[in-house]
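Asks:
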Amino acid sequence: MAKHSTHRVPGRATYGATRLAFRGLGGAAMLGTVVIGSAFAAQSATAAPAAETAAPAEISAVAPAHPVATANQLTADGGTLYEGVRGDRVATLQTMLNTHGADLEVDGSFGPLTLAAVLDYQESNGLQVDGRVGPETRGSLNGGSAEVSASAGTAVATSSEESSSSSGQAILDAARSQIGVHYSWGGESASTGFDCSGLTQYAYAQAGIDLPRTSSAQASAGTQISQSEAQVGDLVVWPGHIGIYAGDNTVVDAGSSKGSVSERTIWGDPTFVTYR
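Note that the sequence shown covers residues 1 to 276 in full-length UniProt numbering.
#1: With a 10 Å radius around its C-beta and 16 neighbouring C-beta atoms as the bar for buried, classify D253 as buried or exposed.
#2: Bridge partners for Y183 per DSSP, in chain order?
#3: Residues in its own chain within less than 7 Å of I266 by CB, not counting five upstream and five downstream?
#4: Can you tell which of L93, G139, L119 has the C-alpha that lies nearest to the C-alpha of D130?
#5: For E188, which residues does DSSP report across the bridge?
#6: Tell me which residues share the same chain as S260 and place their Cβ nearer than 8 Å to its Cβ, disregarding the 5 neighbours each side in the sequence.
#7: Apart from the five residues on each side of it in sequence, which residues of its chain come closer than 8 Å, Cβ to Cβ, to E136?
#8: On a Cα-Cα basis, can you pick out the residue from Y202, S216, S166, L81 that is closest to L115?
#9: Between T200 and L211, how many whole angstroms is the CB-CB distance? I'm expecting something under 8 Å.
#10: Roughly how many whole angstroms lie between the Cα atoms of A230 and S215?
#11: What do you reckon, are the CB atoms on T274 and D234 nearer than 8 Å?
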């Protein structure tokens with residue numbers, strides 16, 4: 001199996017379901033790590049199964065403003081941050097931006113000044129300049145090894161061994177960031193659209209994990225597990241179709257029947273695969 005990384009507007013701030021698993025040293029199962037601090041702990045088949053049904057599941061609401069960030073809140077909430085969002089994860093983002101030279105009030109509100117700071121950071125660090133904080137920008141802010149205390153406004157080193165759930169959440173965050181992108185056979189990006197295995201390959205790549213291109217190869221390269229063992233970020237596999245487990249019996253997938261990337265209830269009797 002393929003396996004790589006284990007896982008500026010006046011007033012703006014400026015500054016410079018069988019799971020697939022990779023095995024680490026000593027045989028420990030693990031996913032690559034992509035987190036930003038305490039709060040930033042974070043298709044190829046052409047046909048979707050005929051029995052695809054169910055509406056996309058709702059994404060959870062963002063937490064209230066003026067928070068104190070904790071290690072698990074971002075992991076649980078996940079998702080891309082953008083202007084208008086409020087909550088714990090925004091406070092953590094503001095703290096991280098401040099450690100990179102910004103001068104933001106840590107109020108948990110993603111307003112114009114926070115947007116300007118994000119845009120400047122992205123431009124200065126060779127990232128896509130879109131003002132949205134997804135897996136790529138989070139990973140850059142984090143540098144792969146910092147844990148942030150939003151209340152203290154400081155960054156401290158974390159252990160090199162993060163739980164596999166952090167990488168799983170990063171994979172799911174990446175997939176959810178593409179919800180609404182149109183389905184396209186052979187598609188591998190938001191600009192071209194995604195097919196099922198194109199989406200899974202993209203999402204895993206954001207967590208530093210290289211998957212084969214086709215759904216069958218992705219399923220074969222990992223380790224099959226039971227649904228009860230499945231964790232967020234594992235693969236959900238049907239004959240000729242594949243998606244990413246989102247927990248609570250839901251999957252994020254690029255389905256031809258839906259015509260776009262969506263989050264919906266799992267149907268039928270899929271298998272689960274992990275790369276942890």
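Glycine included, C-beta positions come from ideal geometry on N, C-alpha and C.
Replies: Per the coordinate set shown:
#1: Looking up residue 253 in the sequence shown gives position 253. Buried.
#2: What you label residue 183 is simply residue 183 of the sequence shown in a count that begins at 1. F194.
#3: Working through the sequence shown from its first residue, we reach residue 266 at position 266. A17, V236, N249, T250, V251.
#4: Translated into the one-based positions of the sequence shown, residue 130 becomes position 130. Comparing Cα-Cα distances from D130 to each of L93, G139, L119, the minimum goes to L119.
#5: Here residue 188 is taken as the residue at index 188 of the sequence shown, counted from 1. Per DSSP, F194.
#6: The residue given as residue 260 occupies position 260 in the sequence shown. If we look at S260 and ignore the five residues flanking it on each side, its Cβ neighbours are I179, G180, V181, H182, Y183, A254.
#7: Walking along the sequence shown from the start, residue 136 turns up at place 136. Cβ neighbours of E136 beyond the five flanking positions: L127, Q128, Q206.
#8: Within the sequence shown, residue 115 is the residue found at index 115, counting from 1. Relative to L115, the option among Y202, S216, S166, L81 whose CA is nearest is L81.
#9: As a first step, residue 200 must be located in the sequence shown, where it is residue number 200. As a first step, residue 211 must be located in the sequence shown, where it is residue number 211. That pair is a contact at about 6 Å.
#10: By 1-based counting over the sequence shown, the position of residue 230 is 230. By 1-based counting over the sequence shown, the position of residue 215 is 215. Roughly 18 Å separates the two Cα atoms.
#11: Taking the sequence shown and counting its residues from 1, the one referred to as residue 274 is at position 274. Taking the sequence shown and counting its residues from 1, the one referred to as residue 234 is at position 234. Their beta carbons are under 8 Å apart, which means T274 touches D234 by this criterion.
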